[in-house]
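Residue numbers (the numbering used here): 9 to 280.
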Ligand code: KIV
């Protein structure tokens, strides 16, 4: 028999910790604009991530490296206008937090003040400890991100599964514990072996949200455009497509083009 789920009118960082304690899985998706965020929030998602994957799916870049802090704030501001229930977390983009802790804090403050977001997400462990501490000390909630960290793609050279080797797996587990000690409220694990992700989720008390990390973690995140089938060229094993939106859109648009060409649109009822 499944336990009754608590009703949450508004999701906070504390709600997520409560969900982990209650064994309720956390749902998380990305969104980058007002209209999509409105639909995602209406479907009762727990967390909306304004991910730097906007660089790929919104701007067509090959990596997440080019997106700027100003662009992230633009996306976050639009999402925040739509959201009534979900916790909105915004990625600190590449180059906005790595050079020093003061710059990291300035970037995080800009996101919080200019967009009205509820938290920021940062990729990395020990290497970004100083930046995380500074941001957390200012009272800004931070979500960590370990495993495949796409901002480091030029260091990894590939988007393949991370932490298969013992040494990297041990470092990841240590980093997860460090992020918990620093005060991160949750952690994303991307593309790592399911057994390792399960071990991390058992070891730390903060919620662990996986993408390509199996189901023995505390929640799941996907990129919205991928799970809706709006992107077609990206098909990793972990991606479940719930729609083929690209096909449905091109079909609808094709029918509109046909109607316009045939002077069938607008008809008499569709004019003044
Ligand atoms: O930017 C993003 O969409 C992300 C998710 C893949 C977790 O970081």
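Yeah, the Cβ is synthetic: ideal placement off N, Cα and C, and Gly gets one too.
These figures come from a predicted structure and were not determined experimentally.
**Prompt:** Is it the case that the Cβ atoms of residue 183 and residue 154 are separated by a distance below 8 Å?
**Reply:** In contact: residue 183 and residue 154 (Cβ atoms closer than 8 Å).
**Item:** Proximity winner among 215, 180 and 76, relative to residue 36 (alpha-carbon distances)
**Value:** That would be 215, whose Cα lies nearest to the Cα of residue 36.
**Extent of the continuous beta strand (DSSP E) to which residue 251 belongs** = Residue 251 -> no beta strand (DSSP E), and no H or E assigned at all.
**Request:** Label residue 239 either buried or exposed according to how many other C-beta atoms from any shown protein chain fall within 10 Å of its C-beta, with 16 as the threshold for buried.
**Result:** buried
**Message:** Could you tell me the alpha carbon to alpha carbon distance between residue 9 and residue 261, rounded to whole angstroms?
**Reply:** Reliability fails at residue 9, whose pLDDT of 45 lies under 50, so the model's placement of it is uncertain and the value that follows must be treated cautiously. So the two alpha carbons sit approximately 46 Å from each other.
**Asked** Alpha carbon to alpha carbon, what distance is there between residue 267 and residue 19?
**Response** 45 Å
**Prompt:** Does any CB atom of chain C fall closer than 8 Å to the CB of residue 258?
**Reply:** Absent from the structure is chain C; it holds one protein chain and no more.
**Cα-Cα separation between residue 160 and residue 223, rounded to whole angstroms** = 25 Å
**Prompt:** For residue 71, which residues of its own chain have a beta-carbon under 6 Å away from its beta-carbon, when the five flanking residues on both sides are left out?
**Reply:** 161
**Message:** Measuring straight from C-alpha to C-alpha, what distance separates residue 190 and residue 75?
**Reply:** 27 Å
**Prompt:** Does the beta-carbon of residue 198 have 16 or more other beta-carbons within 10 angstroms, so that it is buried, or is it exposed?
**Reply:** Residue 198 is buried by the Cβ-count criterion.
**Item:** Own chain residues within Cβ distance below 7 Å of residue 65, not counting five before or after
**Value:** 231, 233 and 239
**Prompt:** In terms of residue numbering, what span does the beta strand (DSSP E) encompassing residue 138 cover?
**Reply:** That residue, residue 138, is in no beta strand (DSSP E); its alpha helix (DSSP H) goes 137-145.
**Request:** Rank 97, 58, 90 and 156 by C-alpha distance to the C-alpha of residue 79 and give the top, closest one.
**Result:** Closest by alpha carbon: 58.
**Where residue 71 sits in the DSSP three-state scheme** = coil
**Message:** Tell me whether residue 219, by its Cβ, gets closer than 7 Å to a heavy atom of the ligand KIV.
**Reply:** Within the chosen limit of 7 Å, the ligand KIV reaches the beta carbon of residue 219 through at least one heavy atom.
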